[in-house]
Amino acid sequence: MYQAPRGAVDILPGEQPYWRYVEQQAVDICQLYGYGRIDTPVFESTGLFARSIGEETDIVSKEMYSFEDKSGNRLTLRPEGTAPVCRAYIEHGMHNQAQPVKLYYLTPIFRYERPQAGRYRQHYQFGYEAIGDNDPVLDAEVIEMAWRFYEKLGLKNLKLLLNSTGCKKCRPGYLKSLKNYYKEHADDLCKDCRVRLEKNPLRLLDCKRTQCQPLAAAAPGSANNLCPDCEEHFKSLKSYLDLLGLPFSVEHRLVRGLDYYTRTVFEIQPQTGGAQSTIGGGGRYDDLIEELGGKPTPAIGFATGIERIILSLQKQKVAIPPTPMPQAYIASLGEKAGDKAVRLASKLRQDGISALLASGARSLKAQLRQADKLGIRYAVIIGDEELAQGKVMLRDMTTAKQETVAEAELPAKLLY
RNA sequence: GUGAGUGUAGCCCAGUGGUCUAAGGCGCCAGGUUGUGGCCCUGGAGAUCGAGGGUUCAAAUCCCUCCACUCACCCCA
33 MYQAPRGAVD
43 ILPGEQPYWR
53 YVEQQAVDIC
63 QLYGYGRIDT
73 PVFESTGLFA
83 RSIGEETDIV
93 SKEMYSFEDK
103 SGNRLTLRPE
113 GTAPVCRAYI
123 EHGMHNQAQP
133 VKLYYLTPIF
143 RYERPQAGRY
153 RQHYQFGYEA
163 IGDNDPVLDA
173 EVIEMAWRFY
183 EKLGLKNLKL
193 LLNSTGCKKC
203 RPGYLKSLKN
213 YYKEHADDLC
223 KDCRVRLEKN
233 PLRLLDCKRT
243 QCQPLAAAAP
253 GSANNLCPDC
263 EEHFKSLKSY
273 LDLLGLPFSV
283 EHRLVRGLDY
293 YTRTVFEIQP
303 QTGGAQSTIG
313 GGGRYDDLIE
323 ELGGKPTPAI
333 GFATGIERII
343 LSLQKQKVAI
353 PPTPMPQAYI
363 ASLGEKAGDK
373 AVRLASKLRQ
383 DGISALLASG
393 ARSLKAQLRQ
403 ADKLGIRYAV
413 IIGDEELAQG
423 KVMLRDMTTA
433 KQETVAEAEL
443 PAKLLY
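Mapped onto the numbering used here, the consecutive letters of the first sequence carry residue numbers 33 to 448.
Right, here's the structure in full:
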């Protein structure tokens with residue numbers, strides 16, 4: 033028997049209301065903040081991701097779905113959303129548009145990982161990017177937009193974590209002091225952290241092992257080792273966040289897994305427990321466009337996992353708008369009535385009234401039982417008597433009252 | 001890639017070597033008189049007990065291998 037591939041799931045009709053709800057709120061907030069939708073291909077040249085995300089990152093080194101097509105091109109299923117948008121920005125000469133260019137996407141993401149709660153091999157991300165401006169007011173706006181989005185969805189107990197990782201001028205110095213600090217305490221580190229010390233010192237900061245906690249807590253923070261420009265940018269951002277009334281906490285241990293981030297990084301977490309505490313995050317990537325072959329162009333973006341949002345909505349028992357059911361169930365008895373039912377269902381639908389036509393030649397009892405189970409309010413019943421009168425029976429399933437009405441009256445009755 | 005837990009009908013699950021030709025609940029289908037739902041009653045369909053191998057006179061139950069799912073780690077949305 034075939035099963036969905038590991039880490040990939042079917043989104044069944046019963047779960048669709050959550051998806052449609054989240055997607056609608058995403059589209060709405062983007063409209064509100066002036067972002068235009070962009071859809072990029074699900075696969076791109078492997079090099080695009082390797083160059084942007086960083087060869088040494090876990091995503092590139094072990095999580096990409098890469099393949100070669102029949103002409104030998106190395107392609108990869110999109111493992112994140114920002115690089116393709118930057119590629120499109122460059123490819124279509126968007127630097128000629130009014131800056132910053134604001135784009136959003138809602139798309140599947142692929143990463144070869146072991147699935148667990150809130151983590152899938154194919155998952156969906158909603159993300160947006162503001163490209164072409166380094167004003168910290170834009171950082172604040174991007175963060176605010178994410179915050180309002182979650183608020184609007186109905187999520188409670190949100191936490192905003194903020195940090196600044198500096199730029200290519202100040203980061204090398206910071207990394208050096210971080211390494212020096214850790215080298216002095218190398219004996220107290222867990223074995224994973226000893227590897228990190230060499231490979232990816234920033235990751236030392238968010239080790240989850242208890243033995244490394246005190247060290248990480250007392251480690252030098254990037255936000256305290258910024259160059260004057262970055263310092264000023266960060267300070268300004270914080271004042272804008274205050275201005276907007278967004279409660280943030282500066283986390284000097286906040287680091288993100290992609291290499292392209294500069295200056296501002298942030299994450300938002302609903303305090304709902306579980307291992308996947310972060311539902312969305314983002315930051316600045318002022319060097320990425322240039323890195324990918326464009327002109328030097330500052331930018332900032334954000335992305336959030338739809339599955340994690342839905343998990344949080346469910347944990348917090350947020351009420352979701354239900355999917356509307358058909359208004360009418362068309363039941364019939366006998367062949368002639370059946371023909372009339374077919375025509376009537378078609379007519380109602382053409383009039384914009386959703387209708388479900390009974391199928392399978394079942395008893396009236398069975399037909400009504402189905403209407404009831406599906407939660408359809410009105411049953412239209414057609415039998416020999418109705419046929420003889422040239423009318424139909426309209427039954428309100430919620431009150432169990434029914435009346436004989438002319439077919440022409442039906443639309444008005446069904447629309448209340 | 002690592003660790004732990006779990007795998008019995010669509011779903012929840014009973015069953016720890018013979019009485020299992022596998023129980024129950026939900027759901028599904030049908031009936032409870034002639035054209036009427038929701039409650040109740042009755043009946044029915046639906047399971048190679050995750051797969052393969054082994055031990056045994058006998059295995060859903062014990063052993064091995066594999067697979068899948070779940071949770072956690074690494075890492076990330």
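Ideal placement from N, C-alpha and C gives every residue a C-beta, glycine not left out.
Handout entry: Euclidean distance between Cα positions of Thr-294 and Lys-347
Key = Here residue 294 corresponds to residue number 262 of the first sequence, with the count starting at 1. Here residue 347 corresponds to residue number 315 of the first sequence, with the count starting at 1. Roughly 33 Å separates the two Cα atoms.
Handout entry: Contacts around Arg-235, its chain only, beta-carbon distance under 6 Å, and the 5 residues preceding and following it disregarded
Key = What you label residue 235 is simply residue 203 of the first sequence in a count that begins at 1. Excluding residues within five positions, the ones whose Cβ falls inside 6 Å are Arg-228.
Exercise for the section: Determine the DSSP secondary structure at Thr-242, reduced to helix, strand or coil. Expected result: The residue you call residue 242 lines up with position 210 of the first sequence. It is helical.
Practice task
Tell me whether the beta-carbon of Tyr-311 lies closer than 8 Å to the beta-carbon of Ile-341.
Solution key: Here residue 311 is taken as the residue at index 279 of the first sequence, counted from 1. Here residue 341 is taken as the residue at index 309 of the first sequence, counted from 1. As written in the sequence, residue 311 is Ile, which differs from the Tyr given in the question. Yes. Within cutoff.
Problem - Delimiting residues of the alpha helix (DSSP H) encompassing Ala-58 - result: Against the first sequence, residue 58 aligns to sequence position 26. Run containing Ala-58: 48-65, per the alpha helix (DSSP H) assignment.
Practice task
Can you tell me which of the three DSSP states Met-33 falls into?
Solution key: Along the first sequence, one-based indexing puts residue 33 at 1. In the structure shown, Met-33 adopts coil according to DSSP, grouped into three states.
Exercise for the section: Could you check how far apart the C-beta atoms of Val-29 and Met-429 are, in whole angstroms? I think they sit under 8 Å. Expected result: Any property of residue 29 remains undetermined from this structure, which presents the chain solely from 33 to 448.
Practice task
With DSSP collapsed to three states, give me the class of His-265.
Solution key: Numbered from its first residue, the first sequence carries residue 265 at position 233. Reduced to three states, the DSSP call for His-265 is helix.
Problem - Distance between Ala-335 and Glu-95 (C-alpha atoms, nearest Å) - result: The residue labelled residue 95 in the question sits at position 63 within the first sequence. The residue labelled residue 335 in the question sits at position 303 within the first sequence. Going by the C-alpha atoms only, they are around 18 Å apart.
Exercise for the section: Measure the CB-CB distance between Leu-389 and Ile-362 and report whether it falls below 8 Å. Expected result: Here residue 389 refers to the residue found at position 357 when the first sequence is read from its first residue. Here residue 362 refers to the residue found at position 330 when the first sequence is read from its first residue. Yes, the pair counts as a contact, with Cβ atoms nearer than the cut-off.
Problem - Reduced DSSP category for Ala-360 - H, G, I as helix; E, B as strand; rest coil - result: On the first sequence, position 328 is the one that residue 360 refers to. Ala-360 falls in the strand class under three-state DSSP.
Handout entry: Residue burial classification, Arg-19 (beta-carbon count within 10 angstroms, cutoff 16)
Key = Here the chain comprises residues numbered 33 to 448, so residue 19 is not present and cannot be evaluated.
Exercise for the section: Keeping to the same chain, check which residues put their C-beta closer than 6 Å to that of Asp-383; ignore five residues upstream and five downstream. Expected result: Within the first sequence, the letter at position 351 stands for residue 383. Same-chain partners within the cutoff: Pro-443.
Handout entry: Three-way DSSP call (helix, strand, coil) for Ser-77 in this model
Key = Numbered from 1 along the first sequence, position 45 holds the residue referred to as residue 77. In this structure, Ser-77 counts as strand in the three-state DSSP scheme.
Handout entry: Cα-Cα separation between Arg-151 and Asp-165, rounded to whole angstroms
Key = Translated into the one-based positions of the first sequence, residue 151 becomes position 119. Translated into the one-based positions of the first sequence, residue 165 becomes position 133. In a straight line, the C-alpha of Arg-151 is about 33 Å away from that of Asp-165.
Problem - Inside the stretch 371-432 only - alpha helix (DSSP H) runs reaching at least 4 residues - result: 396-405, 416-421
Problem - Distance between beta carbons of Lys-184 and Gln-57, contact taken as under 8 Å - result: Counted from its first residue, the first sequence places residue 57 at position 25. Counted from its first residue, the first sequence places residue 184 at position 152. Contact check for Gln-57 and Lys-184: beta-carbon distance about 5 Å, within the 8 Å limit, so the pair qualifies.
Practice task
Starting from the C-beta of Ser-209, find all residues in its chain whose C-beta is less than 6 Å away, skip the five residues before and the five after it, and write them out in chain order.
Solution key: Counted from its first residue, the first sequence places residue 209 at position 177. Excluding positions up to five away in sequence, the list reads Pro-252.
Problem - Same chain only: Cβ atoms within 7 Å of Phe-75, ignoring 5 sequence neighbours per side - result: What you label residue 75 is simply residue 43 of the first sequence in a count that begins at 1. Excluding residues within five positions, the ones whose Cβ falls inside 7 Å are Leu-107, Thr-108, Leu-109, Arg-110.
Handout entry: Arg-316 and Thr-329 closer than 8 Å at C-beta
Key = The residue you call residue 316 lines up with position 284 of the first sequence. The residue you call residue 329 lines up with position 297 of the first sequence. Not in contact: Arg-316 and Thr-329 (Cβ atoms no closer than 8 Å).
Problem - Reference Glu-322; option with closest CA among Ile-91, Ala-40, Glu-123, Tyr-213 - result: Reading the first sequence from its first residue, position 290 is the one you call residue 322. Selected option, being the one with the closest Cα: Glu-123.
Handout entry: Within 8 Å, strictly: CB atoms of Leu-190 and Ile-300
Key = Taking the first sequence and counting its residues from 1, one reaches residue 190 at position 158. Taking the first sequence and counting its residues from 1, one reaches residue 300 at position 268. For Leu-190 and Ile-300, yes; Cβs fall inside 8 Å.
Problem - Bridge-paired residues (DSSP) for Glu-435 - result: One-based indexing of the first sequence puts residue 435 at position 403. In the DSSP assignment, the residues bridged to Glu-435 are Leu-426.
Problem - Test item: CB-CB of Ile-332 and Ala-218 under 8 Å - result: Reading the first sequence from its first residue, position 300 is the one you call residue 332. Reading the first sequence from its first residue, position 186 is the one you call residue 218. Cβ distance not < 8 Å, so Ile-332 and Ala-218 don't count as in contact.
Handout entry: CB of Gln-243 within 8 Å of CB of Asp-220, strictly
Key = Position 211 of the first sequence, counted from the start, is the residue given in the question as residue 243. Position 188 of the first sequence, counted from the start, is the residue given in the question as residue 220. Taking 8 Å as the Cβ cut-off, Gln-243 and Asp-220 qualify as a contacting pair.
Exercise for the section: Could you say which of Gly-79, Gly-337, Asp-291, Ala-432 lies nearest to Asp-319 if we only look at CA atoms? Expected result: Start at 1 with the first residue of the first sequence, and residue 319 comes out as number 287. For the residues Gly-79, Gly-337, Asp-291, Ala-432, the minimum Cα distance to Asp-319 belongs to Asp-291.
Problem - Environment of Val-169 [buried if 16+ CB atoms lie within 10 Å] - result: Position 137 of the first sequence, counted from the first residue, corresponds to residue 169. Under this definition Val-169 is an exposed residue.
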